[in-house]
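To keep things clear, I will list the structure first and then write my remarks on it.
Protein chains: 2
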Amino acid sequence: MAKNRFLGEFELLVMTAMIRLGKDAYGATIRAEIESRAKRSVTVGALYATLARLEDKKYVFSRVGEATPQRGGRAKRYFKITALGRTQLDKSVTAINRMLDGVSL
Amino acid sequence: MAKNRFLGEFELLVMTAMIRLGKDAYGATIRAEIESRAKRSVTVGALYATLARLEDKKYVFSRVGEATPQRGGRAKRYFKITALGRTQLDKSVTAINRMLDGVSL
DNA sequence: CGATATACTCTGCAATGTAGTATATTAATT
DNA sequence: AATTAATATACTACATTGCAGAGTATATCG
Chain A
93 MAKNRFLGEF
103 ELLVMTAMIR
113 LGKDAYGATI
123 RAEIESRAKR
133 SVTVGALYAT
143 LARLEDKKYV
153 FSRVGEATPQ
163 RGGRAKRYFK
173 ITALGRTQLD
183 KSVTAINRML
193 DGVSL
Chain B
93 MAKNRFLGEF
103 ELLVMTAMIR
113 LGKDAYGATI
123 RAEIESRAKR
133 SVTVGALYAT
143 LARLEDKKYV
153 FSRVGEATPQ
163 RGGRAKRYFK
173 ITALGRTQLD
183 KSVTAINRML
193 DGVSL
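So the protein sequences, as listed, match chains A and B.
Our numbering applies: residue 93 is where the first sequence begins, and numbers increase by one.
Our numbering applies: residue 93 is where the second sequence begins, and numbers increase by one.
Rendered as structure tokens:
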């Protein structure tokens, strides 16, 4: 049952964004980070669906933040990558890099 | 309907393998290239399904080779990436690289 | 011809990706 | 205190991509 599945590309972007953002990684910031860095528009639904799946797989975990909103708004859910998630991310990136090594696009 | 979809990871590996192999890119060699480089097992069905989809999207094209088999066997179907495919590949790789830039895994 | 090697096709299902809409919560405005 | 706006996450349905394995095609060798 899908034994050696790698990360999808979007999953990869999401997890990397999470690492970049550190403590400030939650839905909205992750989305903004991907849009600005990867120049790729991200719909809200796509993001949360992916976050939920990554959490199911234990690649990330989340905790609900204490409400400290600027202008109002619901409490944030902060995300962090797990050790397992990092391992998977590394595998995917390594595979891609090995394949790309020496190839000029 | 899926306007800004990027390449999936497997698609990315397949297209890159194709570039590496140049004129000798066909099902079996592409498969071997991914397995040895990316250290990832690839089933035959997964590969051909992906090749067919890439061709539908005009990212690659194929032609059936004149039979010149060593030890027997069916004619090969050679694949080559198109200009459009190359553009897409570049976009995906660029997005990933930008995201990864400065991040240590 | 039968066995073997090489290579591709077909089919069904699982996982991931996308989109749109709804809901929750709080602050500011009036 | 009600209304409106801002911030943020949840739900639901469907499209696309990924995976697996059995099946088919064709050619060479003995």
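Even glycine gets a Cβ: it sits at the ideal position worked out from N, Cα and C.
How far does the alpha helix (DSSP H) with residue i in it extend, from its first residue to its last?
i: B/R166; result: Element bounds for B/R166: n/a, residue is neither H nor E.
i: B/S184; result: 175 to 192
i: A/V106; result: 101 to 113
i: A/R97; result: No alpha helix (DSSP H) contains A/R97, which DSSP labels as neither H nor E.
i: A/D148; result: 136 to 148
i: A/A117; result: From DSSP, A/A117 is part of no alpha helix (DSSP H); its letter is neither H nor E.
If residue i and residue j are in contact, beta carbons under 8 Å, what's the gap, nearest whole angstrom?
i: B/V152; j: B/K172; result: 6 Å
i: A/E103; j: B/L99; result: Contact doesn't hold; Cβ gap of about 13 Å is too wide.
i: A/Y170; j: A/A120; result: Going by Cβ atoms, the distance from A/Y170 to A/A120 rounds to 11 Å, so no, they are not a contact pair.
i: B/I85; j: B/L139; result: Since the displayed chain B opens at 93 and closes at 197, residue 85 of chain B lies outside it and no answer follows.
Could you check where the beta strand (DSSP E) with residue i kicks off and where it finishes?
i: B/V156; result: 152 to 156
For residue i versus residue j, is the C-beta distance shorter than 9 Å?
i: A/M191; j: B/T108; result: yes
i: B/L113; j: B/A130; result: no
i: A/V185; j: A/K168; result: no
Residues of chain B with a CB under 9 Å from the CB of residue i: which are they?
i: A/F98; result: E101, F102, L105, A130, R132
Show which residues of chain B have a CB atom less than 7 Å away from the CB atom of residue i.
i: A/D182; result: L197
i: A/R178; result: L197
Given that residue i touches chain A, what residues does it touch there, using C-beta distances under 9 Å?
i: B/T121; result: Near B/T121 there are no residues of chain A at all, since even the closest Cβ is about 14 Å away, more than 9 Å.
i: B/T142; result: Going along chain A, no residue has its Cβ under 9 Å from B/T142, so there is no contact; the nearest lies around 13 Å.
Quick one: which chain A residues come within Cβ less than 7 Å of residue i?
i: B/V185; result: L192, L197
i: B/R112; result: V195
Residue i touches chain B at which residues, Cβ-Cβ below 8 Å?
i: A/A109; result: M191
Within 8 Å: the Cβ of residue i and any heavy atom of the ligand ADP?
i: A/S184; result: This structure lacks the ligand ADP, and indeed carries no ligand of any kind.
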